[in-house]
Amino acid sequence: MIHVIIFGAPGAGKGTQSRFIEQRYHLEHISTGDLLRQEIARESPLGKRVQSIISQGHLVDDETIIDLIGNELHHLPEGVDGVIFDGFPRTVAQAEALDALLEKDKTSVDCLIELKVPEEELRTRLLNRAKIEGRADDTPEVIADRIRVYNERTLPIVDYYHRKGLHYEVPGAGSIEEITEAIFVAIDKSLQDN
Numbered sequence: 001m002i003h004v005i006i007f008g009a010p011g012a013g014k015g016t017q018s019r020f021i022e023q024r025y026h027l028e029h030i031s032t033g034d035l036l037r038q039e040i041a042r043e044s045p046l047g048k049r050v051q052s053i054i055s056q057g058h059l060v061d062d063e064t065i066i067d068l069i070g071n072e073l074h075h076l077p078e079g080v081d082g083v084i085f086d087g088f089p090r091t092v093a094q095a096e097a098l099d100a101l102l103e104k105d106k107t108s109v110d111c112l113i114e115l116k117v118p119e120e121e122l123r124t125r126l127l128n129r130a131k132i133e134g135r136a137d138d139t140p141e142v143i144a145d146r147i148r149v150y151n152e153r154t155l156p157i158v159d160y161y162h163r164k165g166l167h168y169e170v171p172g173a174g175s176i177e178e179i180t181e182a183i184f185v186a187i188d189k190s191l192q193d194n
């Protein structure tokens, strides 16, 4: 099984690129954002708590995220060749928990693909997305806080996977096609190296 993490700040293009990776490598796309939005839409107690946290621009606690991911990993569709994680892990504790979950199945993360995008470009993308998709969680204030939280709490993930030799940086600005091709090159290299 192949396990790819698509990584980057909010607005870096993880969701867009995940679709191409999913198709090329026959992977199941697991997006914590999608899982959390599903819980919110169900208006479950968890969904209400998550809505409150997200609307303030904060990260959902590790335990909740790990439980959601673990459940998804145990219910993968037949015939997939692996998983692309989008929006997970976001903390070192989540990365360690993912390693433990995968180790139970005698497998591991193959690579972390980091989409590197300048902050001003991120802000522009997120504001445009808010207008197009009507996403209430993408106000200028919340966007600034999400980028700050990413830099403080999430960016250390890069060091975690870099030390394991699994980190591949890809420029996330440019045409979608150019970025996609650079990602495919990085994934193919990681699969050859590991």
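First residue of the sequence shown? That's 1 in the working numbering, and the numbers climb one at a time after it.
Just so it is clear, CB atoms sit at the ideal spot from N, CA and C, and this is done for glycine as well.
Collapsed DSSP secondary structure at residue i in the structure displayed
i	result
Val80	coil
Gly8	strand
Glu28	strand
Glu114	strand
Check whether residue i and residue j have beta carbons under 8 angstroms apart
i	j	result
Glu109	Leu102	Looking at the sequence shown, residue 109 is not Glu but Val. Yes, Cβ-Cβ distance for Val109 and Leu102 is below 8 angstroms.
Val80	Ile30	no
Ile176	Val170	no
Gly172	Ala12	yes
Gly47	Asp145	no
Ile113	Val4	yes
Start-to-end residues for the alpha helix (DSSP H) that takes in residue i
i	result
Ser18	Lys14 to Tyr25
Practice problem: With a floor of 3 residues, list each beta strand (DSSP E) that falls wholly inside the stretch 128-187, ordered by position along the chain. | Solution: Listed in chain order, they are 167-171.
Practice problem: Write down every uninterrupted run of the beta strand (DSSP E) in the stretch 53-110 whose length is 3 residues or greater and which is fully enclosed by it, in chain order. | Solution: 82-86
Quiz item: Should the stretch 64-74 be regarded as contacting the stretch 31-45, the criterion being three or more beta carbon pairs within less than 8 angstroms?
Solution: yes
Quiz item: Is the stretch 2-22 touching the stretch 118-125, taking contact as three or more C-beta pairs under 8 angstroms?
Solution: yes
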